[in-house]
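Take a look at the structure set out below.
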Amino acid sequence: MIRRIRYESMRLVEGPLLLKLQSFLIKRQKKKPDKYPELGPPLKTEERLRKMISMHYLTGRYADGAVPVAWATSGAPVEVLRPLNYHVVYPENHAALCGARHMAMPLLELAESHGYSPDICGYARCDFGTAFGGRTPAGRVPRPDILVACTNICQTVFFWYRELAKHFKVPLVLIDTPFLYGEPLPHQLSYIEAQLRTLADIASDVARRPYDLESLIRSTILGMEGSLLWKQCLEVNKAKPAPWSAFDQFVHMAVIVALRGTEECNSYYRELLDELKDRAKRGIGGIANERHRLLWDNLPVWFKLRSLSGRLASHGFHLMASTYTNAWGETADLLNETDPWRGMAKAYSHIYLNRDLPNKLRVMSNLVKFYECDGVILHSDRSCKPYSLGQISLSEKVSQACGARTMLLEADHIDSRAWAEGPVDTRLQAFMESFK
Amino acid sequence: MGRIEYIQKQQKEHSRKVVGALPVHYPKEIFTALDVVPVEIWGPPGPKAGEGAGLLQTYICPIVRNALSFIRSGKADIVDGLLFPHTCDSMQGLATLVPDWLNYKKPVFRFQHPRGSHRPEALNYLRDEISLLVHSLEKAFGLSMNPARLNEALRLHKEAEGLIRLLFSRRLHFKGPDRELYSLIRQGEFLRVEDHIPLLKKAIAEIADRPVHKAIPVMITGYVPEPMAIFDSLNAAGAIVVADDYAGIGRRIPRPTDNRLDDEGGIDAVIRRYLSLPPCSTKTMNPEVRIPYLLSLIKESGAQGVVIHEVKFCEPELFEIASIRNAFEAVGVPVLFLETELEAELSSRTITMIEAFLEVLRKKTKEGAAS
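Going line by line, the protein sequences match chains X and C. For the first sequence, this note's numbering puts the final residue at 889, and the numbers step up evenly by one. For the second sequence, this note's numbering puts the final residue at 396, and the numbers step up evenly by one.
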């Protein structure tokens with residue numbers, strides 16, 4: 454009961470007050486000269502984004518013991534958990550936050566000191582470091598009551614969450630989505646659908662709350678609407694100049710990952726969509742002088758977001774679309790409120806990373822054409838094998854298919870030890886010069 | 026007889042189809058029943074890093090990189106098709122890269138076994154996947170599954186597995202070095218089970234009544250016993266492998282306690298066999314089963330130390346190293362962790378680590394005897 458009061462107090466009273474205080478302090482801070490004046494003006498919705506995500510993590514500090522807590526992979530069917538009032542923690546989202554705030558390395562090293570190899574996924578290591586009590590920008594991440602992993606983004610989550618289950622000794626529910634070589638077969642969809650129903654049963658037992666199909670349908674509709682709004686936000690970038698960069702998108706996607714299936718998420722993207730449309734109408738770009746438009750493939754390099762963005766922008770290169778951010782909107786229309794289980798089975802198996810290379814090429818080529826990109830940067834991400842395997846061929850094929858110039862950038866989405874400033878700089882320079 | 030000669034003989038003299046099987050779990054009985062010969066491709070060391078190797082980043086596991094090089098170098102052209110089981114992200118990626126973009130024209134089969142639970146939905150799915158594999162093989166090679174032949178195949182594989190288990194349980198009585206034992210067992214990676222059984226029986230006939238080795242017994246776990254030189258170094262340092270938990274060896278032999286295998290035939294028995302396999306990093310979801318299994322394995326075998334031998338960048342395996350190491354250290358069993366590429370020989374550093382580990386084991390044995 455005390456935990457519940459504390460949680461509600463943070464949600465309704467302390468949290469909003471703390472955020473007001475934070476806004477006040479931010480406004481009072483002396484403005485430093487802009488290191489990257491070539492970047493466009495910041496989005497106004499950023500302030501709301503900061504508050505929403507801060508609130509998510511602030512309430513999370515007191516969630517365990519107050520409400521059921523789930524740790525879930527970013528591709529997990531969160532619609533199933535929402536009706537049961539779960540506070541959902543996304544370790545990937547949290548790890549990205551740690552990376553962007555330059556706080557990931559001590560967590561990775563803590564995991565490694567517990568025997569985890571530096572060759573496994575950096576997100577997983579960051580998460581293990583957090584579980585072992587490492588310092589996080591979130592202050593504290595609540596202990597899970599249940600773990601939900603869906604293999605539609607990688608098989609790694611299966612190995613990763615198994616370790617979390619050993620550590621926390623809580624139920625692990627795996628949604629095993631067969632990899633799609635072409636289109637899904639009926640027995641594959643039935644398998645996923647049955648697992649989703651199992652998830653609902655187990656999550657209901659853990660939450661000690663009966664399952665309500667009406668609520669599932671409601672959260673499915675909200676999830677579908679949120680994903681479609683996100684897609685519309687991305688598609689505004691067809692305008693020239695594109696009103697926001699892929700770097701902005703990497704930050705603003707936090708909401709579709711962490712709050713998908715809620716009205717709060719959808720209301721936020723409505724506001725963002727209005728702002729983006731307005732910027733497009735007024736010719737305000739994500740960078741000051743857009744001469745070339747680039748597509749990004751793979752996860753971002755979280756600890757280099759701003760510098761990489763500024764570096765490209767200073768030469769008129771606008772990285773304004775990405776396969777990663779696109780993935781959160783591309784399957785929205787497969788969700789189906791009249792048959793929510795089957796709809797989710799379809800939507801969650803058709804994820805970009807769960808499909809074969811010809812599909813990746815198709816998606817990438819479509820994005821290049823749709824956004825009229827003249828170049829593609831493929832981030833060869835040491836931490837993410839499923840995204841990176843095939844990129845060497847993909848780079849050549851997308852170039853042949855669309856005439857876009859391509860480059861492979863060797864890095865890691867979170868482990869800064871894999872970042873080699875000199876070689877990256879040289880390759881970027883050569884890539885940009887090839888456009889002259 | 027070497028692999029190539031054997032494959033050619035199967036194709037020319039017996040008109041059998043041969044399928045190159047990538048690691049690790051697949052229903053071998055189905056192939057036996059259809060008279061198709063699976064020849065396993067464990068990223069063999071040897072093929073030059075050429076066009077194939079350049080298509081994958083260096084942080085992709087060497088099993089997948091070497092397998093791709095092997096296929097691209099034309100050395101796998103002799104087989105009539107390829108099978109990609111659902112093992113890890115890299116294998117999954119290879120299963121689209123090779124047929125979709127590398128102009129591989131022969132039939133490709135995929136076996137996506139369920140991950141994790143043994144719930145009814147997983148078993149139904151497994152049944153459908155096995156049926157799909159049967160149907161794909163039948164269609165590609167113009168074959169037809171005979172239920173009686175499937176039951177016979179199940180019986181043969183069960184016999185072979187029993188013989189391998191016996192060889193490990195009587196390891197100290199089998200005269201040959203570890204390399205000889207593993208070479209014999211690994212012939213099952215390309216021999217038909219009917220041809221493998223006589224070789225295993227011959228080895229068992231040579232088992233002495235009394236132990237013939239005085240080496241320190243150790244257990245080994247990992248993905249694949251490559252390079253095989255690891256056994257030479259272990260034996261030279263005074264150790265002998267008495268328990269095996271390699272994904273490619275021990276984890277593909279069902280546990281003997283499961284009597285249900287005797288009661289069923291057909292696809293149900295194939296499923297039961299799958300369920301009876303020891304826990305494996307690539308397919309077992311339940312976090313509670315692998316460590317107790319490994320602890321029981323070491324206890325039953327009398328091994329005094331554990332060698333964890335992993336292939337670099339093997340994610341399924343690397344995730345579990347910490348908990349395996351902690352579990353053994355908690356019960357006072359020394360652990361040696363070795364990480365190798367698929368090189369032909371061991372590095373001198375690895376050899377030194379093995380020697381140092383054996384020193385530790387010897388010291389511990391002496392201390393144990395003294396106390």
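Cβ coordinates follow ideal geometry from the N, Cα and C atoms, glycine included. Computed from a predicted structure; not experimentally measured.
Can you give me the C-alpha to C-alpha distance between X/Val-466 and C/His-143, rounded to a whole angstrom? Approximately 46 Å, taken between the alpha carbons.
Are X/Leu-675 and X/Asn-719 touching if we call contact CB-CB under 9 Å? yes
Report yes or no: is there a C-beta of chain C within less than 9 Å of the C-beta of X/Ser-833? yes
How long is the line joining the alpha carbons of X/Arg-578 and X/Ala-864, rounded to whole angstroms? Using only the alpha carbons, I get a separation of about 16 Å.
Under 9 Å, do C/Leu-209 and C/Leu-192 count as touching if we go by C-beta distance? yes
Using a cut-off of 7 Å between C-beta atoms, extract the partners of X/Thr-609 located in chain A. The question asks about chain A, but that chain is absent: this structure's protein chains are X and C.
Does DSSP put C/Phe-215 in a helix, a strand or coil? coil
Report buried or exposed for X/Gly-739, applying the criterion of at least 16 other Cβ atoms within 10 angstroms of its Cβ. buried
What's the C-alpha gap between C/Ile-222 and C/Thr-246? 24 Å
Determine, using beta carbons only, whether C/Ala-378 comes closer than 9 Å to chain X. Just to set this straight, residue 378 of chain C is Met in the shown sequence, not Ala. No, because no Cβ of chain X sits closer than 9 Å to the Cβ of C/Met-378.
Does C/Asp-125 have its Cβ less than 9 Å from a Cβ in chain X? yes
Step through the CB atoms of chain X and report whether any lies within less than 9 Å of the CB of C/Gln-117. yes
Anything in chain C within Cβ reach of X/Thr-651, meaning under 9 Å, just list it in chain order. Per Cβ cutoff of 9 Å: Ser-142, Arg-144, Glu-146.
For my contact list, X/Val-710 and X/Asn-546 are in at a C-beta cut-off of 8 Å; report their separation, rounded to the angstrom. With a Cβ gap of about 5 Å, X/Val-710 and X/Asn-546 count as contacting.
Where the segment 849-867 of chain X meets chain C: residues whose CB sits under 7 Å from a CB there: none
Whole-Å CB distance - C/Leu-12 paired with C/Val-89, under 8 Å assumed: Residue coverage of chain C in this structure runs from 26 to 396, which leaves residue 12 of chain C outside it and unanswerable.
The beta strand (DSSP E) enclosing C/Ile-245, as first and last residue numbers: 241-247
Contact defined as beta carbons within less than 8 Å: I believe X/Thr-776 pairs with X/Tyr-805. What is the distance between those atoms, to the nearest angstrom? 6 Å
Residues from the segment 555-579 of chain X in contact with chain C, defined by Cβ distance under 8 Å: His-567, Gly-568, Tyr-569, Ser-570, Asp-572, Ile-573, Cys-574, Ala-577
Taking Cβ positions, are C/Pro-312 and X/Leu-788 nearer each other than 9 Å? For C/Pro-312 and X/Leu-788, no; Cβs fall outside 9 Å.
Across the segment 502-517 of chain X and the segment 465-484 of chain X, are there enough close Cβ pairs to call them in contact, namely three or more that are closer than 8 Å? yes
Inspect the beta-carbon positions of C/Ile-103 and C/Val-43 and report whether they are closer than 9 Å. yes
Which residue wins for smallest C-alpha separation from X/Met-885, given the options X/Gly-828, X/Glu-874, X/Asn-605, X/Pro-811? X/Gly-828
Residue ranges of each alpha helix (DSSP H) within the segment 697-734 of chain X, 4 or longer: Segments of the alpha helix (DSSP H) lying fully in the segment 697-734 of chain X: 699-705, 707-711.
Which bits of chain C does X/Gln-648 rub up against, with CB to CB less than 7 Å? Glu-146
For the alpha helix (DSSP H) holding X/Met-885, just list the boundary residues, first then last. Per DSSP, X/Met-885 belongs to the alpha helix (DSSP H) from 874-886.
Where C/Ser-194 sits in the DSSP three-state scheme: helix
Interface flag, C/Glu-154 vs chain X, CB-CB below 9 Å: Interface flag for C/Glu-154 against chain X is set, since a Cβ pair is found closer than 9 Å.
Can you pull the chain X residues whose beta carbon is under 9 Å from the beta carbon of C/His-334, in chain order? Under the 9 Å cutoff, chain X gives no residues; its nearest Cβ is about 14 Å from C/His-334.
From what residue to what residue does the beta strand (DSSP E) around X/Glu-863 run? 858-864
To the nearest angstrom, how far is the alpha carbon of X/Arg-808 from that of X/Met-463? 41 Å
Quick check: what's the CA-CA separation for X/Arg-459 versus X/Pro-595? 13 Å
Straight-line gap, C/Met-378 to X/Leu-814 (C-alpha atoms, nearest Å): One C-alpha to the other measures close to 46 Å.
Identify each residue in the segment 803-819 of chain X for which the Cβ-Cβ distance to at least one residue of chain C is less than 7 Å, and report them in chain order. Asp-809, Leu-810, Pro-811
Say yes only if the C-beta of X/Ala-602 is nearer than 8 Å to one or more non-hydrogen atoms of the ligand COA, and no if none qualify. Of the ligands one can find in the structure shown there are none, so the ligand COA has no counterpart to examine.
Please report whether the beta-carbon of C/Ser-306 lies at a distance below 9 Å from any beta-carbon of chain X. yes
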